[in-house]
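Each residue of the sequence shown is one higher than the one before, counting from 1 in full-length UniProt numbering. Ideal placement from N, C-alpha and C gives every residue a C-beta, glycine not left out. Keep in mind it's a predicted model, so treat the numbers as computed, not measured. As C-alpha cells, the structure follows; a few thoughts come after it.
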Amino acid sequence: MKCYRNRIEDGPFLHYRNKHVSQWRLHLSVGLLCGILLAIWNGLGSLNATVDWSVHFANEPIARPFKVPGPDSLCPPFASGDTERINFIESTGEECLTPRQACGVESAARANSQMDIKVYLNVAKIGPPGWDDLLRRPGRVRSCSFNQMLGSEFSNVEMIRENFTSILENSPFRPLIESGNFHTSHWSVVQVSDAIRLLLLQKYGGYYLDFDNIVFRSLHCLRNGFSYLEEHPNIENGIMVMDKNHPFLSFLIRYLMQTYNPKARVSLGPPAFGKAFKLFCQVNDPLFKSGLHQCLASSNLTLYHPDSFFPVRHYELGHFYSTTWEGLNVQKMEHAYLTHVYLSSWGRKVHPNSLYSRLARQYCPNVWHLTKESNIPLGF
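Have a look at this one:
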C-alpha cells in the first residue's frame, strides 16, 4: 500500500494535477485583475463625461424640495455654555470637496449660524488609497468651487489645512505612526480620520460630524453624547458632541491603542467605541438604551435615541434613493436634528426626485445649484 501511494504521489498524475490547478488559479487571478483595471479605467474615463442638466430630466417634472416635518428648532435660544463648534475632517489628502461633502457642510452652516464650522483638510496623504478612491462615481467628483463657495457665502465656515501626520506624531497615537501601521494599512484613510476626530474633540470640544450628514436644525443645545445602533452594542462615531478634555476621550484613546488592529477597517470605530463606553460608564446591558449615564471620573455621558440622528435607519437606506419612499415613517424626522445618508459617499446615483435630492435642494441649495450650473461631471 505504501509503495502504491508513493507511486501515485510521485507519478505523472500529481504533475498533471498541479500543472492544471496552477493554470486555473493563474487564469482566475488574471481575469480578476483585468476586471478591476477595466472598472478603474471606466471610472477615470467618466471624469470627461458631463451631465447636461437642462435636458437630462426635461420630460419629467421636478418635485419641490422636501422640508422635514416638525419645528424649525428643537433647541432653546442660544445661551452661554452651549456647544459652539462643529468639526468636519477630510483625511484623504485631497484639497477639494465633493458636492455631497459640501452639502453636509452647508446644511450645518445654515442651521447653525451662531456656531463655528471648521473643515480640516489633510495636506499629506497617509497610506495607500482605497480602491473606491480610484473610481469616479456620481457625487464623488471633486471641485474647489465648493470650497470657495462655502468660504464666501457662509461667514461661519473656515477651511483649515493641517498635516495630520504631524498631529498624530504629537499625540497618544504616535506609536501607530512610528510603527508604520497607519502608512501600510489598507484602511489608513478611515483609521486616521477616526483618530483625528478624537484629538480635535479633546483639544477644542464641540461636534464631530461625518460629511454624509444633512443637518436640519440647530445643534447647540446638545452636549457630551452620541448615538448607537439598536441591534448592536456599537456607538456611532460619525456624530459626536463632547466638551474639550472630557475624561472619556482620554480613556477611549487609551483603549483604542490597546485594541488596534491595522487589518480591521473599523478598528478605531463603532465596535471598540461601544466597548470602551461600557467600561467607562459601567454598563452591563447587552444593548444600549437612550438616556443620561453617570460614568467614571465623576463625569456624565448621554446616549441620544437613534431617531435624533438616524430617522432613516441603515436597513431603510433605499428610501434615500427612491422617488416614492413607500413604507418610510417620515414623522420620525419631526424630532431629528439631522440624518445620516447611508452610502451617499460611495457614489450611489440619485434621481432629482429622490428623498436625498429633495433634502439636498432644501438644506444645501447652494451646493445643489453650483453642481448644476458648473456642470460637475456625473452631477450631485
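Original post:
Which first and last residues belong to the alpha helix (DSSP H) in which Asp82 is found?
Top reply: Per DSSP, Asp82 belongs to no alpha helix (DSSP H) and is neither H nor E.
Original post:
Just the Cα atoms here: how many angstroms apart are Arg313 and Pro306?
Top reply: When rounded, the distance between both Cα atoms is 8 Å.
Original post:
Can you pull the DSSP bridge partners for Asn213?
Top reply: For Asn213, DSSP records a beta bridge to His340.
Original post:
With DSSP run on the structure shown, which of helix, strand or coil describes Lys372?
Top reply: In the three-state reduction of the DSSP assignment, Lys372 falls in the helix class, which pools H, G and I.
Original post:
What's the gap between the Cα of Ser113 and the Cα of Ser152?
Top reply: Rounded to the nearest angstrom, the two C-alpha atoms are 14 Å apart.
Original post:
Given that a residue counts as buried once 16 or more other Cβ atoms are within 10 Å of its Cβ, and exposed if not, what is Leu296?
Top reply: That one is exposed.
Original post:
Can you list, in chain order, the residues of its chain whose CB lies under 6 Å from that of Asn353, leaving out five sequence neighbours each side?
Top reply: Excluding sequence positions up to five before and after Asn353, its CB lies within less than 6 Å of the CB of Ala63 and Thr323, all in the same chain and listed in chain order.
Original post:
Closest to Ile86 by CA distance: which of Pro247, Phe211 and Ser171 is it?
Top reply: Comparing Cα-Cα distances from Ile86 to each of Pro247, Phe211 and Ser171, the minimum goes to Phe211.
Original post:
Would you call the stretch 194 to 205 and the stretch 97 to 104 in contact, with 3 or more CB pairs under 8 Å?
Top reply: Taking one beta carbon from each stretch, the stretch 194 to 205 and the stretch 97 to 104 have fewer than 3 pairs nearer than 8 Å; the two do not touch.
Original post:
Are Cys364 and Cys103 closer than 7 Å when you measure CB to CB?
Top reply: Yes, the Cβ-Cβ distance between Cys364 and Cys103 is below 7 Å.
Original post:
To the nearest angstrom, how far is it from the Cα of Glu326 to the Cα of His319?
Top reply: Spanning the two alpha carbons is a distance of roughly 8 Å.
Subject >> Buried or exposed by the 16-neighbour rule on C-beta atoms within 10 Å, applied to Lys332 >> reply: Buried.
Original post:
Cα separation between Ile376 and Ser143?
Top reply: So the two alpha carbons sit approximately 8 Å from each other.
Subject >> Sub-7 Å separation of Phe273 and Ile239 beta-carbons >> reply: No.
Original post:
Among the residues of its own chain, which have a CB less than 6 Å from the CB of Asn261, if the five just before and after it don't count?
Top reply: So the list reads Ser267, once near-sequence residues are dropped.
Subject >> Residue interval of the beta strand (DSSP E) (run including Gln294) >> reply: Unbroken beta strand (DSSP E) run through Gln294: Gly291 to Cys295.
Original post:
Ordered along the chain, which non-local residues of its own chain (more than five positions away) have a Cβ less than 7 Å from that of residue 392?
Top reply: The structure shown does not extend to residue 392, since the chain is modelled only from 1 through 380, so no value can be given for it.
**OP:** For the alpha helix (DSSP H) holding Val123, just list the boundary residues, first then last.
**Re:** Segment: none, Val123 is in no alpha helix (DSSP H) and carries neither H nor E.
Original post:
Nearest CA to the CA of Phe173: which residue from His186, Val192, Glu162 and Trp187?
Top reply: Comparing Cα-Cα distances from Phe173 to each of His186, Val192, Glu162 and Trp187, the minimum goes to Val192.
Subject >> Which of helix, strand or coil DSSP assigns to residue 451 >> reply: Because the chain spans 1 through 380 in this model, residue 451 falls outside it and cannot be assessed.
**OP:** Would you identify the three-state DSSP class for Ile62, choosing helix, strand or coil?
**Re:** Look at Ile62 here: in three-state DSSP terms it is coil, with no helix or strand label.
Subject >> Asn147 versus Gln282 - alpha carbon distance >> reply: Roughly 43 Å between the two C-alpha positions.
**OP:** Below 8 Å on the Cβ atoms is my guess for Phe248 versus Leu301; work out the distance and round it to an integer in Å.
**Re:** About 6 Å separates the two Cβ atoms, so the contact holds.
Subject >> Opening and closing residue of the alpha helix (DSSP H) in which Thr184 lies >> reply: Where Thr184 is concerned, the enclosing alpha helix (DSSP H) stretches over Asn181 to Thr184.
Subject >> Cα-Cα separation, Pro128 to Arg254 >> reply: In a straight line, the C-alpha of Pro128 is about 26 Å away from that of Arg254.
Original post:
Using the C-alpha atoms, what's the distance from Trp346 back to Leu44?
Top reply: For Leu44, the predicted structure reports a pLDDT of 45, less than 50, and the residue's modelled location is therefore unreliable. A value from the coordinates is still provided. Spanning the alpha carbons of Leu44 and Trp346 requires a straight line of approximately 15 Å.
**OP:** Could you check the C-alpha separation between Ser145 and Val105 for me, to the nearest Å?
**Re:** C-alpha separation (whole angstroms): 14 Å.
Subject >> Residues bridged to Ser227 [DSSP beta-bridge criterion] >> reply: Paired residue(s): Glu236.
Subject >> Through-space distance from Ala336 to Arg223, alpha-carbon basis >> reply: Looking at the two C-alpha atoms, the distance is approximately 16 Å.
Original post:
Is the beta carbon of Ala79 sitting closer than 7 Å to the one on Val215?
Top reply: No.
Subject >> Status (buried if at least 16 other CB within 10 Å, exposed otherwise) for Asp194 >> reply: Only buried fits Asp194, as 16 or more other CB atoms lie within 10 angstroms of its CB.
Original post:
Ordered along the chain, which non-local residues of its own chain (more than five positions away) have a Cβ less than 6 Å from that of Thr184?
Top reply: The answer is none, since no qualifying residue turns up.
Original post:
In whole angstroms, what separates the C-alpha of Asp72 from that of Pro65?
Top reply: Their backbone Cα atoms lie some 16 Å apart in a straight line.
**OP:** Please name the residue or residues paired with Ser143 in a DSSP beta bridge.
**Re:** For Ser143, which the question treats as bridged, DSSP gives the partners Leu97.
Subject >> Contact set for Asp82: own chain, Cβ-Cβ below 7 Å, skip 5 residues either direction >> reply: Around Asp82: His220 and Cys221.
Subject >> Collapsed DSSP secondary structure at Asp116 in the structure displayed >> reply: The DSSP-derived three-state label of Asp116 is strand.
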